[in-house]
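Undergrad: Chains as they are written, first to last, in the UniProt record's numbering: chain V, 1 to 505; chain Y, 1 to 175. Quick one: structure below, then a few questions.
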Amino acid sequence: MDLGFPWWLRVEHFLNIIFISFLVRSGLEILATYPKLYRSQHTVPGTSWAQFTVQEEAKHKYYTVGGEYSDYSPRISLPGRGLLGLGRYWHFIAVTGFVTCWIIYFVLLLVTGQWRRYVPTSWDTFSQAGQDLLAYLAFTMPQPVDGMVFNALQQLSYGFVILVLTPLVIITGAFQSPAIANHFSRITRALGGRQVIRSIHFLCLVGYVAFFVIHVPLVFLHGYLHETSKMVLGHSNNPVLGGAIFTFGLILVIVLHVLATRWTLADGRAVERLHNVIVRPWSNLLYKLPARMHYDRSNITGKDVGLDNTTHNFRGSGRPPETAEYLALMANCYEDDYVLEIGGYVERPMTLTIAELRELAAGHSQTTLHHCVQGFTSIGRWRGITVSDLLDLAGPLPGATDVVYTSFQNMGRDDALYEGGTYYVSTPMVEARMPQTLIAFELNDEGEIPAKNGGPVRLRLESSTGFRSLKWLERIEVVNRYDIILEGRGGYFEDTDFFDRNQLI
Amino acid sequence: MEDENSPALRVGVDFRGTQNATQPVLEHIRPGKKRAPLLRYIRINLPQTTRLLLVAVIAVIGAASAAVALSDHEPFLFATPLLWGICGAAMVFVTVGLMSSARIWTWGLIIALSSLLVYIGGLLGNAPYVWNGASVASAAIWNLTLFASIAYIVLFWALRYGMIVAAPDKQNFLD
């Protein structure tokens, strides 16, 4: 068959330039917020295999993950300046286009027989690719195989990028979603755990960049006008016209990046609206994937890290409340003084002490992986009672839609990195009712949750990114709408920053 | 010393009042700039892999030099003894690199630069290019000495710049 360059293949090639460049830049923004790569899920300090920051290690004994942001230039990352939420929005917008494009492309390759352009149909292709590599090294131009549009080495390298690298980057991207990773936790562990997946995802980026660095000079060596004309017109009969259109397209991509960066820095809420239109239709489907993790701490890495070590390394990501009330609770060991209020749109408002929570929990625990939105992970065994059980006790009234959790923490007062008021999050009822949505009062085996990890009582939302697992829980309110609370976006970071309440990805 | 009972102060570690006791400290930022040069942000801590990579690149230079020396296409007059010299030095380098933990990277640089000089000499002489009558394989091997030399020089620069580290050194990340 005549493989040629069908129109859909040329469109896909151009769209990929847009999507991959947006993915790389927004991906770097996400990396910038926790610019360290690990092999172990415990993210033990000092064990990262790569760092992408110029920040010195903090000298404090306790430093929060919020202080690990690196301020990358908007010329490199999208949008730059450590704006993780907006970087995530762009990443997910581009992911939607990229994955859709790849699936359509994959199907078209199969049904049109164009898969032959990438998949070798003979073992000779491999030996021919070796000959082609030698030809390139000898500064000569290898010729295409008979009936093919490019040579064997090009066939194998394009095939690798489209049929191996792209599925790999999609899978490792998908498994960074806490909802997907924690629902299919066995697959997560089979892939090496979240930090290995994150590292592979980064190496896929390196792969794309490496491909780009080799591909572009070779396009010039083969003849820029001749080659780009094929990707525009489908042939090289009019190389000047094709090359000019392609060059115009590249300029358009650069203009798109400049506009997107400036627009994002000027009006983040508009990007948020765009994200909500494009991403929410599929990200909301992830509510159908409740977390079902049961990690055995000792076999995550195949090496027993020890209980003390694990507890020590369970990273804190916020500063405990600095009020006389909270300090007094801490001084009295919480046990007799702390009371969790449950109220709002319920039949039976109630207050529960830790002793009562412990009795209700009846020894229930879950050992789970914490997915920080920035990137760190820790594994902890949480003892507590499910929110679902508490809701059954309180009895939500008909029409109750959401559950709001309020912390003792006041961000502006307690954490120099942030402004604003009381920390709160809200969950839709479907998330509150998930089997691993937990009100926890013990971490590992030391009896109580350390202050840095949210003691005495905290929320665990295992299907969401970490910041929604509210720490230092003061009260729970069942509501029939959350959009009238403060800025109406459903949480502290949703209100004051650019994060979607749906943090399942 | 204000506190005789402080073990940290007794050994000269005193972070009190230092800038990064209270706020982040950023390195490599030149006066008047907000950010460090781009490549300063990259720090890879794979010492064993990097050591093997450096040794492998020199091994490629040595093997390619030997192949060129064995061919009947001498790049320039008296190039063959030079190529064998590079090959011998590369063999010693690879042996020391694999059998010990010595920091031999500057010696590797000398090998890479020597190979590069031979290549430049070939440009002025009768290098085994296809257009000089050499086979594709011979030309590829000859050019491999160029690419491998450049690769080593780039890696050596990255090593000195702090982007990568080779065993027995490491980045000493503390987090």
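Cβ atoms here follow ideal geometry from the backbone N, Cα and C, with glycine treated the same way.
Would F248/V be called buried (16 or more neighbouring beta carbons within 10 Å of its own) or exposed?
TA: As a working mapping, residue 248/V is identified with position 248 in the first sequence. F248/V is exposed by the Cβ-count criterion.
Undergrad: In whole angstroms, what is the alpha-carbon distance linking L86/V and A394/V?
TA: Walking along the first sequence from the start, residue 86/V turns up at place 86. Walking along the first sequence from the start, residue 394/V turns up at place 394. The alpha-carbon atoms of L86/V and A394/V are separated by roughly 38 Å.
Undergrad: Below 8 Å on C-beta distance, what does Q55/V contact in chain Y?
TA: Taking the first residue of the first sequence as position 1, residue 55/V is located at position 55. Under the 8 Å cutoff, chain Y gives P24, V25, L26, E27.
Undergrad: According to DSSP, is K303/V helix, strand or coil?
TA: Sequence index remark: in the first sequence, residue 303/V carries index 303 (1-based). Any answer about K303/V is weak, because its pLDDT of 41 lies below 50 and its placement is not dependable; what the coordinates show is given next. Coil.
Undergrad: Does the beta carbon of L134/V sit closer than 8 Å to a beta carbon anywhere in chain Y?
TA: Residue mapping note: residue 134/V aligns to position 134 of the first sequence, counting from 1. Interface residue, yes.
Undergrad: Given a threshold of 16 other Cβ atoms within 10 Å of its Cβ, counted over all protein chains shown, does N182/V qualify as buried or as exposed?
TA: As a position in the first sequence, residue 182/V is number 182, starting the count at 1. That one is buried.
Undergrad: Would you mind sorting M141/V into buried or exposed? The rule is 16 or more other CB atoms within 10 Å of its CB.
TA: The residue you call residue 141/V lines up with position 141 of the first sequence. That one is exposed.
Undergrad: Within 8 Å of any Cβ in chain V, is that where the Cβ of L123/Y sits?
TA: Counting from one through the second sequence, the residue named residue 123/Y turns up at place 123. Output row for L123/Y: interface = no.
Undergrad: According to DSSP, simplified to helix, strand and coil, what is S298/V?
TA: The count along the first sequence starts at 1 and reaches residue 298/V at position 298. In this prediction, S298/V scores a pLDDT of 48, lower than 50, which makes its location untrustworthy; the coordinate-derived value is nonetheless stated afterwards. Correct three-state label for S298/V: helix.
Undergrad: Comparing C-alpha positions only, which one of I61/Y, T49/Y, T106/Y, V130/Y sits nearest to L116/Y?
TA: As a first step, residue 116/Y must be located in the second sequence, where it is residue number 116. Selected option, being the one with the closest Cα: I61/Y.
Undergrad: By the criterion of Cβ-Cβ separation under 8 Å, what are the contact partners of F52/V in chain Y?
TA: To locate residue 52/V, count along the first sequence from 1; it is residue 52. Result: Y41, I42, R43.
Undergrad: Can you tell me which residues form a DSSP beta bridge with V346/V?
TA: Within the first sequence, numbered from 1, the residue matching residue 346/V stands at position 346. According to DSSP, V346/V bridges with P396/V.
Undergrad: Measure the C-alpha to C-alpha separation of Y119/Y and R40/Y and round it to an integer number of angstroms.
TA: Along the second sequence, read from residue 1 onward, the residue named residue 119/Y stands at position 119. Along the second sequence, read from residue 1 onward, the residue named residue 40/Y stands at position 40. Rounded to the nearest angstrom, the two C-alpha atoms are 31 Å apart.
Undergrad: Please compile the residues from chain Y whose C-beta is within a distance smaller than 8 Å of the C-beta of W49/V.
TA: Taking the first sequence and counting its residues from 1, the one referred to as residue 49/V is at position 49. Those within 8 Å of W49/V in chain Y are I44, N45, L46.
Undergrad: If you reduce the DSSP assignment to three classes, tell me which class I505/V lands in.
TA: Reading the first sequence from its first residue, position 505 is the one you call residue 505/V. In the structure shown, I505/V sits in coil (DSSP, three-state: anything other than H, G, I, E or B).
Undergrad: Closer than 8 Å, Cβ to Cβ, to anything on chain V: give me those residues from the stretch 106 to 130 of chain Y, in chain order.
TA: Listed in sequence order: Y129, V130.
Undergrad: Cβ of S407/V less than 8 Å from any chain Y Cβ?
TA: In the first sequence, counting from the first residue as 1, residue 407/V sits at position 407. No - not a single Cβ of chain Y is within 8 Å of the one on S407/V.
Undergrad: Hey, quick one: how far does the alpha helix (DSSP H) through Y105/V stretch, first residue to last?
TA: As a working note, residue 105/V is residue 105 in the first sequence. 84 to 112 is the span of the alpha helix (DSSP H), which, as asked, contains Y105/V.
Undergrad: In chain V, which residues lie less than 7 Å from F173/Y when you measure between Cβ atoms?
TA: Looking up residue 173/Y in the second sequence gives position 173. Residues of chain V passing the Cβ test: G46, S48, Q51.
Undergrad: Output the residue ranges of the beta strand (DSSP E) runs that lie fully inside the UniProt domain "Oxidoreductase molybdopterin-binding" (335 to 481) of chain V and measure 3 residues or longer, sorted by chain position.
TA: Runs of the beta strand (DSSP E) inside the UniProt domain "Oxidoreductase molybdopterin-binding" (335 to 481) of chain V: 340 to 344, 350 to 352, 365 to 371, 377 to 386, 402 to 410, 422 to 428, 437 to 443, 458 to 461, 473 to 479.
Undergrad: Which first and last residues belong to the alpha helix (DSSP H) in which H222/V is found?
TA: Start at 1 with the first residue of the first sequence, and residue 222/V comes out as number 222. Here the alpha helix (DSSP H) through H222/V covers 194 to 233.
Undergrad: For chain V, is any of its Cβ atoms less than 8 Å away from the one on V165/Y?
TA: Numbered from its first residue, the second sequence carries residue 165/Y at position 165. V165/Y does not count as touching chain V.
Undergrad: Less than 8 Å between C-beta atoms, sequence neighbours within five positions excluded: which residues of the same chain meet that for R348/V?
TA: Counted from its first residue, the first sequence places residue 348/V at position 348. L393, A394, G395, listed in sequence order.
Undergrad: Counting C-beta neighbours from all protein chains within 10 Å, is the total for S185/V 16 or more, i.e. buried, or is it exposed?
TA: What you label residue 185/V is simply residue 185 of the first sequence in a count that begins at 1. Counting Cβ neighbours within 10 Å, S185/V comes out buried, since at least 16 surround it.
Undergrad: Closer than 7 Å, Cβ to Cβ, to anything on chain Y: give me those residues from the stretch 112 to 146 of chain V, in chain order.
TA: Residues passing the 7 Å Cβ filter: L134, A135, L137, A138, F139, T140.
Undergrad: For the 8 Å Cβ check, are there 3 or more pairs between the stretch 155 to 170 of chain Y and the stretch 76 to 84 of chain Y?
TA: Too few Cβ pairs lie closer than 8 Å, so no.
Undergrad: Pick from G223/V, V111/V, W102/V, F212/V: whose alpha carbon is nearest that of T166/V?
TA: Looking up residue 166/V in the first sequence gives position 166. T166/V has its Cα closest to that of W102/V, out of G223/V, V111/V, W102/V, F212/V.
Undergrad: Mind pulling the chain V residues with CB within less than 8 Å of N143/Y?
TA: Stepping through the second sequence from its first residue, residue 143/Y is reached at position 143. By Cβ distance, chain V contributes L137, A138, F139.
Undergrad: What number of angstroms, rounded off, separates the C-alpha of F19/V from the C-alpha of V219/V?
TA: In the first sequence, the residue the question calls residue 19/V occupies position 19. In the first sequence, the residue the question calls residue 219/V occupies position 219. The straight-line gap from Cα to Cα measures roughly 20 Å.
Undergrad: Please compile the residues from chain V whose C-beta is within a distance smaller than 8 Å of the C-beta of A67/Y.
TA: Locating residue 67/Y in the second sequence gives position 67, counting from the first residue. Result: empty, since nearest Cβ-Cβ is about 12 Å, beyond 8 Å.
Undergrad: Looking at the unbroken alpha helix (DSSP H) that takes in G490/V, where does it start and where does it end?
TA: Translated into the one-based positions of the first sequence, residue 490/V becomes position 490. Element bounds for G490/V: n/a, residue is neither H nor E.
Undergrad: Excluding sequence positions up to five away, which residues of its chain have a Cβ less than 6 Å from the Cβ of D308/V?
TA: Walking along the first sequence from the start, residue 308/V turns up at place 308. With a pLDDT of 39 at D308/V, under the threshold of 50, the modelled position of this residue cannot be trusted, and the question is left open.
Undergrad: Where do the N-terminal and C-terminal ends of the alpha helix (DSSP H) with N276/V fall, by residue?
TA: The residue labelled residue 276/V in the question sits at position 276 within the first sequence. Run containing N276/V: 268 to 278, per the alpha helix (DSSP H) assignment.
Undergrad: K403/V and M434/V look like a contact to me (Cβ under 8 Å); what is the Cβ gap, rounded to whole Å?
TA: The count along the first sequence starts at 1 and reaches residue 403/V at position 403. The count along the first sequence starts at 1 and reaches residue 434/V at position 434. Correcting the residue identity first, residue 403/V is Val in this sequence and not Lys. That belief does not hold up - the Cβ atoms of V403/V and M434/V are roughly 11 Å apart, past 8 Å.
Undergrad: Any beta-carbon of chain V closer than 8 Å to the one on R51/Y?
TA: Start at 1 with the first residue of the second sequence, and residue 51/Y comes out as number 51. So no, R51/Y is outside the interface.
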